[in-house]
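Everything below concerns the one structure shown next.
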Amino acid sequence: MAWIDPNFPKTATVSALVGRVLGLNPGMMTGPGTNTYLLGRRDPILLDTGAGIPEYMNELAGYLTERGWKQPSRVVLTHRHRDHLGGVPHLRERFRGLPVGKMIHRDAELPEGIADLRDGATIEGDGVTLRAIYTPGHASDHLCYYLEEENAVFTGDVVLAGSTTVIPAEDGDLLDYMRSLERLRQLGVRRIYPAHGPVVEDGPALIAEYIEHRLLRERQILEVLGDGPRTIPAIVERVYAAVPKHLHAMAGQSVASHLKKLAREGRVREHPATDAPSRWELV
Ligand SMILES: [Zn+2]
39 MAWIDPNFPK TATVSALVGR VLGLNPGMMT GPGTNTYLLG RRDPILLDTG
89 AGIPEYMNEL AGYLTERGWK QPSRVVLTHR HRDHLGGVPH LRERFRGLPV
139 GKMIHRDAEL PEGIADLRDG ATIEGDGVTL RAIYTPGHAS DHLCYYLEEE
189 NAVFTGDVVL AGSTTVIPAE DGDLLDYMRS LERLRQLGVR RIYPAHGPVV
239 EDGPALIAEY IEHRLLRERQ ILEVLGDGPR TIPAIVERVY AAVPKHLHAM
289 AGQSVASHLK KLAREGRVRE HPATDAPSRW ELV
């Protein structure tokens with residue numbers, strides 16, 4: 039299935055306790071768009087809010103009516119990226135006094151009056167119990183939410199269906215990310231509800247695939263450095279030989295995130311150079 043699937047349903051009831059409304063923001067980074075989820079039997083909790091696309095509010099209203107629901111009881115957010123919290127102002131305009139929560143962590147600017155959610159926080163809805171799980175790596179403020187009644191997890195951008203997760207240079211951290219994947223693995227969930235793409239029925243298999251993919255890249259990078267110090271572009275040339283050139287800049291970011299992780303683990307070190315890319319070597 040294509041990552042940007044034009045036939046991805048705008049709304050869906052994916053389980054007795056979980057409804058899904060698409061954020062209507064398709065793209066390279068978001069696939070079919072950002073998923074927002076409505077959890078519970080009545081007065082559902084809304085998990086993420088999309089990017090703030092105006093038509094989303096109509097989709098959401100239509101779906102609430104279809105389910106015989108008046109409004110969400112509250113909003114919980116996975117992280118600060120705009121395609122997850124951009125819908126908060128529209129929602130508050132429509133539903134006065136709607137409580138909104140997220141982990142507040144290194145946030146430069148957030149809408150007013152957002153409650154702080156911490157690792158382990160329990161959020162009770164109508165027939166649903168969510169537990170916040172701190173999972174940094176893609177973003178330093180990222181929470182996944184474990185749904186007790188289904189032994190399922192809402193992974194936000196930590197695990198996606200149909201693409202790999204980006205580790206942004208400024209706020210991302212691959213070592214944290216690998217630890218977050220390990221934490222998710224240990225939950226032993228059945229289903230994964232990702233922020234982008236369809237429901238994943240075999241959660242453990244996808245998490246294992248994500249971990250293996252990163253470990254494979256790491257082995258490849260270490261192998262290149264085994265031949266002597268190299269710059270990031272030189273590493274990309276070797277490791278991503280099969281990938282088209284126009285994607286090499288993005289691949290360079292991925293290699294940089296690996297080198298940062300390996301440096302934190304004391305396995306490689308950087309030799310900065312003036313007016314040239316740093317060279318990296320094994321310790
Ligand atoms: Zn994100």
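Adding 38 to a residue's 1-based position in the sequence shown gives its number in my numbering.
We put the CB at the ideal spot given by N, CA and C, even for glycine.
Buried or exposed: which applies to residue i, given that a residue is buried once 16 or more other Cβ atoms fall within 10 Å of its Cβ?
{"i": "G106", "result": "exposed"}
{"i": "R156", "result": "exposed"}
{"i": "N189", "result": "exposed"}
{"i": "D121", "result": "buried"}
{"i": "L219", "result": "buried"}
{"i": "P315", "result": "exposed"}
{"i": "M95", "result": "buried"}
{"i": "A243", "result": "exposed"}
{"i": "R58", "result": "buried"}
{"i": "N73", "result": "buried"}
{"i": "G266", "result": "exposed"}
{"i": "P110", "result": "buried"}
{"i": "A289", "result": "buried"}
{"i": "M141", "result": "buried"}
{"i": "P70", "result": "buried"}
{"i": "K299", "result": "buried"}
{"i": "D313", "result": "exposed"}
{"i": "R134", "result": "exposed"}
{"i": "D214", "result": "buried"}
{"i": "T103", "result": "exposed"}
{"i": "A311", "result": "exposed"}
Starting from residue i, follow the beta strand (DSSP E) in both directions and report where the run begins and ends.
{"i": "N96", "result": "Counting along the chain, N96 falls outside any beta strand (DSSP E), though it belongs to the alpha helix (DSSP H) covering 92-104."}
{"i": "V197", "result": "Counting along the chain, V197 falls outside any beta strand (DSSP E), and DSSP gives it neither H nor E."}
{"i": "V188", "result": "In the sequence as displayed, the identity of residue 188 is Glu instead of Val. Per DSSP, E188 belongs to no beta strand (DSSP E) and is neither H nor E."}
{"i": "P232", "result": "230-232"}
{"i": "R112", "result": "112-114"}
{"i": "R213", "result": "Checking the sequence shown, residue 213 turns out to be Leu, not Arg. Note, L213: premise wrong, no beta strand (DSSP E); alpha helix (DSSP H) at 212-225."}
{"i": "L84", "result": "83-85"}
What does DSSP give as the partner residue(s) for residue i in the beta ladder?
{"i": "D154", "result": "K140"}
{"i": "L177", "result": "Here the sequence assigns Ala to residue 177, which means Leu is not the residue at that position. DSSP lists no partner for A177."}
{"i": "V306", "result": "L320"}
{"i": "G57", "result": "T51, L76"}
{"i": "I171", "result": "C182"}
{"i": "R268", "result": "W318"}
{"i": "A146", "result": "In the DSSP output, where bridge partners are listed per residue, A146 has none listed."}
{"i": "G69", "result": "G65"}
{"i": "E208", "result": "Its beta-bridge partners do not exist; DSSP assigns none."}
{"i": "V166", "result": "Bridge partners of V166: none, in fact."}
{"i": "T160", "result": "R169"}
{"i": "V238", "result": "I230"}
{"i": "A40", "result": "A40 pairs with nothing; no bridge assigned."}
{"i": "A311", "result": "A314"}
To the nearest whole angstrom, what separates the beta carbons of residue i and residue j, a pair I think is in contact under 8 Å?
{"i": "T173", "j": "L222", "result": "7 Å"}
{"i": "Q258", "j": "V281", "result": "In fact, because the Cβ distance is near 12 Å, the residues do not count as touching under 8 Å."}
{"i": "G78", "j": "L62", "result": "Not quite, the Cβ-Cβ distance comes to about 23 Å (not below 8 Å), so this is no contact."}
{"i": "D86", "j": "A233", "result": "6 Å"}
{"i": "V196", "j": "T203", "result": "6 Å"}
{"i": "L168", "j": "I230", "result": "The Cβ separation is near 15 Å, so there is no contact."}
{"i": "R302", "j": "V321", "result": "No, R302 and V321 are not in contact; Cβ-Cβ is about 12 Å, not under 8 Å."}
{"i": "G210", "j": "A170", "result": "G210 to A170, Cβ: 20 Å. No contact."}
{"i": "E247", "j": "H296", "result": "No, E247 and H296 are not in contact; Cβ-Cβ is about 17 Å, not under 8 Å."}
How far does the alpha helix (DSSP H) with residue i in it reach, from first residue to last?
{"i": "R252", "result": "241-263"}
{"i": "A279", "result": "First-last for A279: undefined, no H or E at that position."}
{"i": "R134", "result": "From DSSP, R134 is part of no alpha helix (DSSP H); its letter is neither H nor E."}
{"i": "R120", "result": "120-123"}
Using a beta-carbon distance below 9 Å, is residue i in contact with chain D?
{"i": "Y94", "result": "No chain D appears in this structure, which consists of one protein chain only."}
Could you name the residues whose beta carbon sits closer than 5 Å to any heavy atom belonging to ligand 1, keeping them in chain order? For ligand 1, the residues with a Cβ under 5 Å from any of its heavy atoms are, in chain order, H119, D195.
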